[in-house]
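Worksheet for the structure shown next.
Residue numbers (this note's numbering), protein chains in the order written: chain G, 2 to 113; chain U, 166 to 278.
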C-alpha cells in the first residue's frame, strides 16, 4: 500500500512554460514535505521543502504548495528550463525527520 | 565534506554470487538509510540506523539481504545469494539528528545476470 503517490510517471513541458508536479499522500502524521531532483547516474539532491504549518514556500523559480486537508503537495517550476529535465521525487517525514517516505517519481522533460 | 560516499558505483555479477555494497556517511550524521530504486517501486526504504543501531528493517525484501553498521563511518548492505530481480540502484543517505533533509550518495548500480 503506497503511502505517497505521484500519479504522473512523466511530464513534458515547453521551455519557458510552467511545470506542475503533483504528489498525494495518505498518512496525516507527516510533518515535513520535500522535493528532490535526480539526474541520471547521480543521487537525488534536495530541491525545496515545506513544513506542515505552512501552505506555500518559494525559492527562486521553484514553489511548493501544501494542501493538508486534501493531503496534496505540488511543485511549480516557472519558467521551466531544459536543465530542469530530471526525475522529481516528493518525500515526506514525521517529526524529527526520520523515516522518510518517497513517491515513485515523475520524469520531467523540458523541451527547447 | 566529501558527502556520502558509496562503492562500488557499478557492480555486475552472476546469479548466486554474494554482493557487498558500501557506504560512508557524512561525519557527524547520526542516521544512515539504505534505499533501493526500481522502475516499478521508485525509491523504497530498506533499512535505517540510528547511532549504528538498526531501527527499522521492515523494508528489507527477504533474508538474502542483510545490513550492518560496525561504526559511525561505515555501513554495508549484503545480498547473498543475489538474484536477477535484485538488479537496481542502491542509495545510501545520511542525516544529523533534528535535521529534515537527507543527503544521498551517488548510488551503486547492481546488475545480476
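A virtual CB, placed ideally from N, CA and C, is assigned to each residue, including glycine. Bear in mind that the values here come from a model prediction, so they are computed numbers and not experimental data.
DSSP beta-bridge partners of residue i
i: residue 66/G; result: 57/G, 75/G
i: residue 33/G; result: 52/G, 94/G
i: residue 273/U; result: 255/U
i: residue 260/U; result: 196/U
i: residue 25/G; result: 6/G, 73/G
i: residue 109/G; result: 12/G, 87/G
i: residue 208/U; result: 202/U
i: residue 47/G; result: 37/G
CA nearest to the CA of residue i, picked from the options
i: residue 95/G; options: 29/G, 20/G, 68/G, 113/G; result: 29/G
i: residue 90/G; options: 45/G, 41/G, 26/G, 12/G; result: 45/G
i: residue 206/U; options: 75/G, 4/G, 47/G; result: 4/G
i: residue 267/U; options: 69/G, 92/G, 59/G; result: 92/G
i: residue 10/G; options: 101/G, 87/G, 102/G; result: 87/G
i: residue 8/G; options: 15/G, 21/G, 53/G; result: 21/G
i: residue 31/G; options: 254/U, 265/U, 235/U, 274/U; result: 265/U
Between the CA atoms of residue j and residue i - distance to the nearest angstrom
i: residue 256/U; j: residue 51/G; result: 24 Å
i: residue 203/U; j: residue 17/G; result: 31 Å
i: residue 287/U; j: residue 272/U; result: The structure shown does not extend to residue 287/U, since chain U is modelled only from 166 through 278, so no value can be given for it.
i: residue 201/U; j: residue 181/U; result: 19 Å
i: residue 57/G; j: residue 78/G; result: 13 Å
i: residue 208/U; j: residue 61/G; result: 27 Å
i: residue 73/G; j: residue 105/G; result: 15 Å
i: residue 225/U; j: residue 6/G; result: 21 Å
Contact belief for residue i with residue j at Cβ below 8 Å, rounded distance in angstroms
i: residue 66/G; j: residue 75/G; result: 5 Å
i: residue 188/U; j: residue 270/U; result: 6 Å
i: residue 191/U; j: residue 169/U; result: 6 Å
Suppose only complete runs of 3+ residues qualify. What are the beta strand (DSSP E) ranges in the region 211 to 242 of chain U, listed by chain order? Runs of the beta strand (DSSP E) lying entirely within the region 211 to 242 of chain U and spanning at least 3 residues, in chain order: 218 to 221, 230 to 236.
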